[in-house]
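Let me begin by presenting the structure, written as C-alpha cells, before commenting on it.
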Amino acid sequence: MISEHRPDVGPERSGPSGLGEAGAAPRLDAQGMPVERAARDGDAPTRERGPSLLLPALVSAAGVLLAGFEVFSLVTMDLPEGEPLPLHRAVLAGALAMGGFSVTRLLQLLVFASRRRRRRQAGQELAEVAWQLTDAHTVHGVWALAVSGSIALMGLLGLWSLLDGIPSGLEPGWPLLLIGAGLALLVRCVWMRTSASWEGAPEAF
Numbered sequence: 022m023i024s025e026h027r028p029d030v031g032p033e034r035s036g037p038s039g040l041g042e043a044g045a046a047p048r049l050d051a052q053g054m055p056v057e058r059a060a061r062d063g064d065a066p067t068r069e070r071g072p073s074l075l076l077p078a079l080v081s082a083a084g085v086l087l088a089g090f091e092v093f094s095l096v097t098m099d100l101p102e103g104e105p106l107p108l109h110r111a112v113l114a115g116a117l118a119m120g121g122f123s124v125t126r127l128l129q130l131l132v133f134a135s136r137r138r139r140r141r142q143a144g145q146e147l148a149e150v151a152w153q154l155t156d157a158h159t160v161h162g163v164w165a166l167a168v169s170g171s172i173a174l175m176g177l178l179g180l181w182s183l184l185d186g187i188p189s190g191l192e193p194g195w196p197l198l199l200i201g202a203g204l205a206l207l208v209r210c211v212w213m214r215t216s217a218s219w220e221g222a223p224e225a226f
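To convert, take the position in the sequence shown, counting from 1, and add 21; that gives our numbering.
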C-alpha cells in the first residue's frame, strides 16, 4: 500500500527514461519532414546536374584539331616570293578552338533554363540546381564575346591592309568582320534570354 504513494513508482514517473521516450525535437527539412525519415523514404530533394559538358568539350577538341591542321598547312605551304599566307581559315579554326566550348555551353544553358522556366510556370515541382548553373552563362557569355570580338578585329585588320595596299593575308577582311559581328550578336541575345529565363527562379540571387 505504501508503494502506491511513492512518487518514483507508477505510470506517471518522470525521469531520464521519460525524456528518452519524448526525445529531442527532430531536424526538419525544407518540406517540414524529419531529415532521417525523408532520407529513408526516398523523399529527400534531388539536385539536377544540368547539361553535360561532353558536347562543348567535343566542339572545342574539334577546333583544336582544325587549328593544328591549319597551322601545319600554312607551314608547309609553298607560295611565291612576297605573297602572304592566307590566314582566314586559321583565324576561324583558332576561334573555334578558343571559343567553341563557351558558345556551345551557352546554347546548352539557354535550353536548360528555358525548359525549367516553362515547367516552373506550369506549376511543376522542380529539382534543385547548383547556384553556379544560374550564373555560368555570364562567364561563358563574356568569353564568347571576347572571341567574337577578336574575329571582328582580324576582319578590320584585313580591311586596313586592303585599303593600305600592304597585304597581310587577312584580305579582304569583311567576311571575318561579318562573322565576328554576327557571332557577337548571337552570343549577346542568348546571354540575355538565358538571364531572363532565370528571373523569378528560387535558385537565382
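Every residue, glycine too, gets a C-beta built ideally from N, C-alpha and C.
Check your understanding: Using 8 Å as the Cβ pair cut-off and three pairs as the minimum, do the region 166–179 and the region 110–117 touch?
Key -> A contact exists between the region 166–179 and the region 110–117.
Review point. Are there three or more Cβ pairs, one per stretch, closer than 8 Å when the region 84–94 is compared with the region 134–144?
Key: no
Exercise for review: Would you kindly check if the distance between the Cβ of Val208 and the Cβ of Leu166 is under 7 Å?
Suggested key: The answer is yes: Cβ separation under 7 Å.
Check your understanding: Hey, quick one: how far does the alpha helix (DSSP H) through Glu91 stretch, first residue to last?
Key -> Leu75 to Thr97
**Study point:** Which listed residue (Glu149, Ala157, Pro107 and Leu75) has its alpha carbon closest to that of Glu69
**Key:** Glu149
Practice item. Look at the alpha carbon of Pro72 and the alpha carbon of Pro188, and state the distance between them as a whole number of angstroms. Key: 45 Å
Practice item. Give the single residue among His158, Pro107 and Ser123 whose Cα lies nearest to the Cα of Leu197. Key: Pro107
Point to revise | Range of the contiguous alpha helix (DSSP H) that encloses Thr125 | key: From DSSP, the alpha helix (DSSP H) with Thr125 extends over His109 to Gln142.
Check your understanding: Where does Arg209 fall in DSSP's three states?
Key -> helix
Check your understanding: Taking the alpha helix (DSSP H) that Leu174 falls in, what are its first and last residues?
Key -> Trp152 to Asp185
Check your understanding: According to the Cβ coordinates, are Thr215 and Leu131 closer than 7 Å?
Key -> Contact flag set, yes.
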